[in-house]
Every structure is written in C-alpha cells, then in structure tokens.
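Residue numbering for the sequence shown is 23 to 163, as defined by the numbering used here.
Have a look at the structure below, then the notes.
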Amino acid sequence: MRFFLLGLILNLSVCAVGQVPSTPKQGSSERKQLMDVLRMPVEKELHQKVIFKIDHLKVLSGWAFMTGKPLTATGKKIDYTKTTYREALDSGAFDDWICALWRKQGAKWRLVRYVIGATDVVWDPWPKDFGAPKAIFPYGL
23 MRFFLLGLIL
33 NLSVCAVGQV
43 PSTPKQGSSE
53 RKQLMDVLRM
63 PVEKELHQKV
73 IFKIDHLKVL
83 SGWAFMTGKP
93 LTATGKKIDY
103 TKTTYREALD
113 SGAFDDWICA
123 LWRKQGAKWR
133 LVRYVIGATD
143 VVWDPWPKDF
153 GAPKAIFPYG
163 L
C-alpha cells in the first residue's frame with residue numbers, strides 16, 4: 023500500500039510539473055517569434071522601430087503573456103510625446119510599460135491583445151475573457 027501511495031504521489035507530481043509555465047530563454051526561437059509578432063503592431067502604432075525589455079514572460083498550454091517596456095531600437099526610452107499617447111502622458115494617465123497576450127495556432131503565435139501605457143492591471147480579466155491559464159500571469163492572479 024505504501025508503494026502504491028508513493029507511486030501515486032510521484033505520478034501526480036510529474037503531472038503537476040507539466041502544468042507549470044515556462045519562460046522561453048533569451049535568444050530562443052520561441053521568444054523571438056513572440057516578440058516579432060508583437061513588434062509589428064507596436065512599431066506601427068509608435069511609428070518607430072522597437073525592442074522590448076521583458077520583465078515577465080510565461081508560456082503554458084499554447085498561451086503566452088508578457089510585461090515589459092518598449093524601447094527604441096538602440097535601447098533608449100521611447101519619446102511618447104510624438105505618439106498617440108501624448109495626451110494620456112500629459113494628463114498623467116500613462117505608465118511606460120506594455121503587456122501582451124498570445125495564443126498559439128498550429129505552429130504560429132497569434133497576438134490576442136496588447137496594451138501600452140495602462141495605469142492599472144488591464145490583464146486582470148484576460149484569463150476569464152480569453153480562457154488563458156491564470157498561471158502565466160504575474161502572481162498567478
């Protein structure tokens with residue numbers, strides 16, 4: 023009976039480990055794919071080339087979520103006064119960060135939603151709204 027219980031515990035542990043989100047390593051093809059999918063609309067919106075300083079990036083079960091900062095192609099802070107965010111910036115309703123949610127379809131990542139400059143936790147309803155696993159979001163919600 024002890025061996026059965028021990029085996030069951032080990033089996034459940036292995037299953038649980040399979041449900042833990044991972045962070046794609048810097049330079050990995052998965053990380054590059056995710057950032058490239060995000061980069062296109064962000065560059066179009068900000069009218070400049072960008073890179074991302076990633077603070078949080080988690081992937082699980084065909085979903086990915088990220089928080090970070092968009093930076094210029096040379097790694098400098100974005101000048102938002104030359105963007106559509108100028109009014110929000112002037113009124114103090116803008117924070118210099120970005121969050122994004124992706125869903126994998128087949129072998130490709132598709133951007134579900136991204137937000138630049140939010141002053142609150144805009145992603146809080148995303149697990150419910152989109153069916154994304156809570157474990158990919160900061161603090162597991």
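Cβ atoms here follow ideal geometry from the backbone N, Cα and C, with glycine treated the same way.
Subject >> Span of the beta strand (DSSP E) around Phe74 >> reply: 72–82
Original post:
Which residues mark the beginning and the end of the beta strand (DSSP E) in which Gln127 is found?
Top reply: 120–127
Original post:
With DSSP run on the structure shown, which of helix, strand or coil describes Tyr136?
Top reply: strand
Original post:
Any contact of the region 54–64 with the region 117–125, i.e. 3+ C-beta pairs under 8 Å?
Top reply: yes
**OP:** Kindly examine the ligand SAH and report whether one of its heavy atoms sits closer than 8 Å to the Cβ of Val81.
**Re:** The ligand SAH is absent from the structure shown, which contains no ligands of any kind.
Original post:
Quick one: any contact between the region 100–110 and the region 143–150, if contact means 3 or more CB pairs under 8 Å?
Top reply: no
Subject >> Straight-line Cα distance separating Asp118 from Gly153 >> reply: 27 Å
**OP:** Mind checking who Met88 pairs with in its DSSP beta bridge?
**Re:** Leu79, Ala122
**OP:** Pick helix, strand or coil for Ser44, following the three-state DSSP scheme.
**Re:** strand
**OP:** Thinking Pro43 and Ile158 are a contact (beta carbons under 8 Å), I'd like their distance in whole angstroms, please.
**Re:** 5 Å
Subject >> Residues near Leu93 in its chain [Cβ-Cβ closer than 8 Å; skip 5 each side] >> reply: For Leu93, where only same-chain residues beyond five positions count, the Cβ hits under 8 Å are Val72, Ile73, Phe74, Lys75, Lys99, Ile100.
**OP:** Could you give the DSSP three-state label for Thr103: helix, strand or coil?
**Re:** helix
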